[in-house]
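For the sequence shown, position 339 (counting from the first letter as 1) is numbered 614 according to my numbering, and the numbering increases by one without interruption. Ideal Cβ placement from N, Cα and C applies to all residues, glycine included. Quick caveat: nothing in here was measured; it's all calculated off a predicted structure. This report concerns only the one structure given below.
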Amino acid sequence: MEDKGKIISTCDIDENLALQIWTRGKTPRLSIFNKAKNSRKLIQIAWVEKRDRTLTINGRRRGQTETYTVRDFEPAIQKILTEYAARTNFKLKYFKLVVDLEKAINRPEIVTRESDFALMTEEKRASLWIADSTGDDKGMGIFLPFFPMNDAETAAAPDDKLEFNDIKMRGYEGLAKTGVPAELKKANPERWQNVIRVTAAAMLLGFSYCGAEGTAMAESIWSEGEKKAPTQLGQVAMKTPVKKLSIHDSGLLRLGHKLTAFIRHFYYIDEVKISYVDDSTKFLQDEGYERSRRVDFNTGTLGDVPYRVTFHENPNTGMTAFGCAPRMQTARHKGDMLIVIPTETYKQALKNDTMGNPDDFYTITRLLWAKQFKAWYENLKPYVKGFAGLV
């Protein structure tokens with residue numbers, strides 16, 4: 276194995292097992308080393324995301340087996356990833372990716388006509404900032420925060436600091452020069468700094484992209500700027516074109532949308548409750564909910580299959596519920612998915628997701644994605660907190 280790569284860090288679990296980080300200079304792998312059998316298996320680091328996963332190995336004595344859960348490995352994973360980050364060029368790539376991600380999520384979408392606010396494309400609605408350039412002079416305008424803020428964030432983003440007077444300053448560079456993105460990180464680092472840093476670490480280390488396979492994209496980021504080997508004698512090796520990181524790149528699209536959904540709905544995402552029941556309509560009727568309407572959701576919005584979503588409200592408790600019934604079999608859950616949220620919170624989420632006409636389809640999807648992202652983020656955070664520079 277040493278001629279193909281190198282063990283960077285290792286941690287003994289007990290006399291039978293050690294966990295290691297192996298790399299060839301790009302996306303690292305987790306090495307499970309059975310000391311008793313002197314055998315090693317390389318796997319993707321994303322393997323450790325499932326905390327209740329079990330690992331059984333043969334011990335030193337005949338017939339001996341040892342069983343572990345991933346949850347048992349958390350201190351060891353923290354240790355070997357922290358050592359890996361300190362002993363390789365990981366941090367150079369990491370901090371560059373953090374900066375690129377901050378630019379991507381803060382890139383304003385430009386609106387030049389008032390009518391566009393009522394008919395915003397999904398791309399514009401997924402943005403966190405709008406460059407409002409709807410006046411007579413399209414080079415002048417104001418950056419509109421497309422997300423709710425607490426008092427500290429509001430103080431960090433006053434209107435007079437968000438104005439621009441040059442058409443060239445309607446993009447990220449202009450917004451950055453206002454100093455507001457940096458002030459938002461100070462006002463709420465968990466929302467504007469930590470989440471970006473954990474995401475960047477996950478992207479480089481080979482964790483999932485919020486449940487989706489991310490290895491190919493991680494390899495692409497590691498390979499950025501490398502020289503290609505000549506394909507024939509005399510051919511000049513060219514640098515691999517550097518792909519500008521964008522939240523809208525195909526490889527990052529879903530992760531980016533879940534990230535921005537989480538940031539936008541940050542302050543009330545804990546009020547959204549998700550559970551699974553055999554028959555959501557019957558369950559909600561028994562709980563005193565009244566059914567109002569149904570909407571069909573296509574594959575790729577709420578899950579890997581299409582869903583029929585039934586809207587319910589409980590006037591006695593002030594709660595709104597969505598019974599999400601898969602239209603075909605899905606491996607992700609059994610029965611129906613049930614989303615419950617206070618009615619007033621849902622109305623606020625609808626408002627926060629639009630500068631024009633509210634859209635149930637869009638907001639229900641984003642609330643679910645925000646909930647999924649938070650679970651993923653909090654699951655990975657302990658693994659990378661030792662070197663990610665979290666506040």
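- Item | Buried or exposed (CB count within 10 angstroms, at least 16 for buried), T396 | By the neighbour-count rule (16 or more Cβ atoms within 10 Å), T396 is not buried but exposed.
- Task: Give the range of the beta strand (DSSP E) segment to which N463 is assigned.
- Result: Neither: N463 is in no beta strand (DSSP E) and is coded neither H nor E.
- Burial state of I318, where buried means 16 or more other Cβ atoms lie within 10 Å: Using a 10 angstroms sphere on the CB of I318, the tally of other CB atoms stays under 16, which defines it as exposed.
- Task: Report the partner residues of R304 according to the DSSP bridge assignment.
- Result: For R304, which the question treats as bridged, DSSP gives the partners W297.
- Hey, N291 and E349 are a contact pair by Cβ (cut 8 Å); roughly how many whole angstroms apart? The pair is not a contact, with the Cβ atoms about 19 Å apart (cut-off 8 Å).
- Are at least three pairs of beta-carbons, each pair with one atom in the region 545-556 and one in the region 428-442, less than 8 Å apart? The answer is no - the region 428-442 does not touch the region 545-556, with fewer than three Cβ pairs under 8 Å.
- For N309, which of helix, strand or coil comes out of DSSP? Looking at N309 - three-state DSSP - the assignment turns out to be strand.
- Query: Quick one: what's got a C-beta closer than 6 Å to K399's C-beta in the same chain, skipping five residues either side?
  - Reply: Counting only Cβ-Cβ distances below 6 Å, and skipping sequence neighbours, we find E384.
- Query: Given a threshold of 16 other Cβ atoms within 10 Å of its Cβ, counted over all protein chains shown, does D407 qualify as buried or as exposed?
  - Reply: Under this definition D407 is a buried residue.
- Message: Going by DSSP, what residue range makes up the beta strand (DSSP E) through N333?
- Response: First-last of the beta strand (DSSP E) with N333: 329-333.
- Going straight from the alpha carbon of G598 to that of A487, what length do you get? One C-alpha to the other measures close to 24 Å.
- Helix, strand or coil for L508 per DSSP? In this prediction, L508 has a pLDDT of 34, which is less than 50 and means its spatial position is unreliable; what the coordinates show is noted afterwards. Of the three classes helix, strand and coil, the one that applies to L508 here is coil, per DSSP.
- Query: If you run the structure through DSSP and keep just helix, strand and coil, what is T515?
  - Reply: Caution is warranted here: a pLDDT of 35 is assigned to T515, below 50, making its placement in the model unreliable, and no coordinate value can be reported.
- Message: Please give me, in chain order, every unbroken run of the alpha helix (DSSP H) with length at least 4 that falls completely inside the region 561-645.
- Response: Here the runs fully enclosed are 618-627.
- Message: From the DSSP secondary-structure annotation, give me the bridge partner or partners of I282.
- Response: Looking at the DSSP output, I282 bridges to W297.
- Query: Helix, strand or coil: how does DSSP classify K325 here?
  - Reply: Here K325 carries a coil assignment [DSSP, helix/strand/coil].
- Query: If we call anything under 8 Å between Cβ atoms a contact, is R346 one with R326?
  - Reply: At a Cβ-Cβ threshold of 8 Å, R346 and R326 count as neighbours.
- Message: Please classify T329 as buried or exposed, where buried requires at least 16 neighbouring CB atoms within 10 angstroms.
- Response: Under this definition T329 is an exposed residue.
- Is it right to say S306 is buried, meaning 16 or more other beta carbons lie within 10 angstroms of its own, or is it exposed? Counting other Cβ atoms within 10 Å of its Cβ, S306 reaches 16 or more and is therefore classed as buried.
- N-terminal and C-terminal residue of the alpha helix (DSSP H) that L479 is part of: Run containing L479: 470-480, per the alpha helix (DSSP H) assignment.
- Check whether the Cβ atoms of Q468 and V666 lie closer than 8 Å to each other. Contact flag set, yes.
- Message: Do T357 and E389 have their beta-carbon atoms positioned less than 8 Å apart in this structure?
- Response: Contact flag unset, no.
- Query: Is it true that the region 598-612 meets the region 622-631, where meeting means three or more beta-carbon pairs spaced less than 8 Å apart?
  - Reply: Short answer: they don't touch.
- Item | Own chain partners of N591 with C-beta closer than 8 Å, once the 5 adjacent residues on each side are dropped | Excluding residues within five positions, the ones whose Cβ falls inside 8 Å are G563.
- Message: I need the straight-line Cα distance from T363 to A663, nearest angstrom please.
- Response: Straight-line Cα distance between these residues: approximately 14 Å.
- Item | Range of the contiguous beta strand (DSSP E) that encloses T342 | Per DSSP, T342 belongs to the beta strand (DSSP E) from 340-344.
- Task: Would you please state the rounded distance, in angstroms, between the beta carbons of A476 and W644? I believe it to be under 8 Å.
- Result: Rounded, the Cβ-Cβ distance is 20 Å, inconsistent with contact.
- Are L577 and T638 touching if we call contact CB-CB under 8 Å? For L577 and T638, no; Cβs fall outside 8 Å.
- Identify the residues that DSSP records as bridge partners of E448: which are they? Paired residues: none, contrary to the question.
- Beta-carbon separation (whole angstroms), P464 vs E377, contact threshold 8 Å: Rounded to whole angstroms, the Cβ separation of P464 and E377 is 13 Å, and the two are not in contact under 8 Å.
- Return the residue from the list Y343, R335, R337 that minimises the CA-CA distance to V323. The option with the nearest alpha carbon to V323 is Y343.
- Query: What are the boundary residues of the beta strand (DSSP E) that includes D407?
  - Reply: Where D407 is concerned, the enclosing beta strand (DSSP E) stretches over 404-407.
- Query: With DSSP run on the structure shown, which of helix, strand or coil describes K749?
  - Reply: Nothing about residue 749 can be read from this structure; the chain reaches only from 276 to 666.
- Query: Do the CB positions of N425 and Y542 come within less than 8 Å of each other?
  - Reply: In this structure, Y542 lies closer than 8 Å to N425 by Cβ.
- On the three-state DSSP scale, how would you describe F541? In the structure shown, the three-state DSSP call for F541 is helix.
- Could you tell me if L367 is buried or exposed, where buried requires 16 or more neighbouring beta carbons within 10 angstroms of its beta carbon? Per the 10 Å Cβ criterion, exposed.
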